[in-house]
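One structure is given here, and the rest of the page talks about it.
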Amino acid sequence: MEIVAYPDPILREKAEPVRNIDRDIQDLIEIMGELMYGAPGIGLAANQVGVAKQIFVFDLDYREKGKSLNVLINPTIVSAEDRIEFEEGCLSVPDFLAKTTRRKYIKVKGLDRKGEPIDMEAEGLLAICIQHEIDHLNGTLILDHVSRLKRNLYTKRIEKLMKRDRDR
Ligand SMILES: [Zn+2]
Numbered sequence: 306m307e308i309v310a311y312p313d314p315i316l317r318e319k320a321e322p323v324r325n326i327d328r329d330i331q332d333l334i335e336i337m338g339e340l341m342y343g344a345p346g347i348g349l350a351a352n353q354v355g356v357a358k359q360i361f362v363f364d365l366d367y368r369e370k371g372k373s374l375n376v377l378i379n380p381t382i383v384s385a386e387d388r389i390e391f392e393e394g395c396l397s398v399p400d401f402l403a404k405t406t407r408r409k410y411i412k413v414k415g416l417d418r419k420g421e422p423i424d425m426e427a428e429g430l431l432a433i434c435i436q437h438e439i440d441h442l443n444g445t446l447i448l449d450h451v452s453r454l455k456r457n458l459y460t461k462r463i464e465k466l467m468k469r470d471r472d473r
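Counting from 306, one number per residue, gives the positions in the sequence shown under the numbering used here.
Shown next as structure tokens:
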């Protein structure tokens with residue numbers, strides 16, 4: 306498994322809720338953790354490894370590899386307050402930064418990897434990270450947070466790179 310990049314169509318798929326947190330899901334979580342720390346990044350959604358299921362992993366202390374791998378399954382944002390601007394990157398959208406406006410405080414619920422309910426509050430970078438990953442599960446990318454012009458320029462740049470790789 307590897308991290309897939311734009312314009313892979315799986316990144317545009319709406320992820321399905323996880324019904325059974327079985328062995329396969331545990332394995333998937335392990336792999337996602339390894340890929341996230343290896344990248345390195347602070348969050349990774351299942352779509353980004355080619356699986357359209359509602360799971361993401363995150364860890365703001367990604368340098369402390371694996372010490373506190375957080376997992377959220379079937380997440381929902383239950384409330385959100387205030388706004389915060391940020392410049393976000395994405396492991397699936399290489400060499401691109403998008404200025405985004407996110408909610409500053411959120412409450413989110415979901416399940417942990419044992420299937421136990423999680424209710425958590427997040428603010429600042431953690432809140433931004435969680436909103437970014439939930440975007441992925443809905444098929445939304447940071448490219449959707451910028452102007453059409455900026456998005457088109459990036460798409461053209463990627464197409465050119467892909468063509469160059471093909472022609473090589
Ligand atoms: Zn991302």
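Even glycine gets a Cβ: it sits at the ideal position worked out from N, Cα and C.
Query                                                                                                                                                         : Result
On the DSSP bridge list, what partners appear for Glu464?                                                                                                     : Answer is none; Glu464 lacks a bridge partner.
Quick check: what's the CA-CA separation for Glu318 versus Ala357?                                                                                            : 7 Å
Taking only runs of the alpha helix (DSSP H) that begin and end inside the segment 410-455, which ones reach a length of at least 4 residues, in chain order? : 429-442
To the nearest angstrom, how far is it from the Cα of Asp332 to the Cα of Val413?                                                                             : 24 Å
Hey, out of Gly429, Asn379 and Met341, whose CA is closest to Lys372's CA?                                                                                    : Met341
Please state the DSSP three-state secondary structure of Leu374.                                                                                              : coil
Check whether the segment 365-385 touches the segment 402-419, taking contact to mean three or more Cβ pairs, one atom from each stretch, closer than 8 Å.    : yes
If we ignore side chains and look at the alpha-carbon of each, how far apart do Val354 and Ile308 end up?                                                     : 5 Å
So does His450 have its beta carbon nearer than 7 Å to some heavy atom of ligand 1?                                                                           : no
Measure the alpha-carbon distance for Arg456 versus Pro312 and round it to whole angstroms.                                                                   : 12 Å
Run the CB neighbour count on Leu349, radius 10 Å, all protein chains shown included, and call it buried at 16 or more, exposed below.                        : buried
Quick one: complete alpha helix (DSSP H) runs, 4+ long, within the segment 322-379?                                                                           : 328-343
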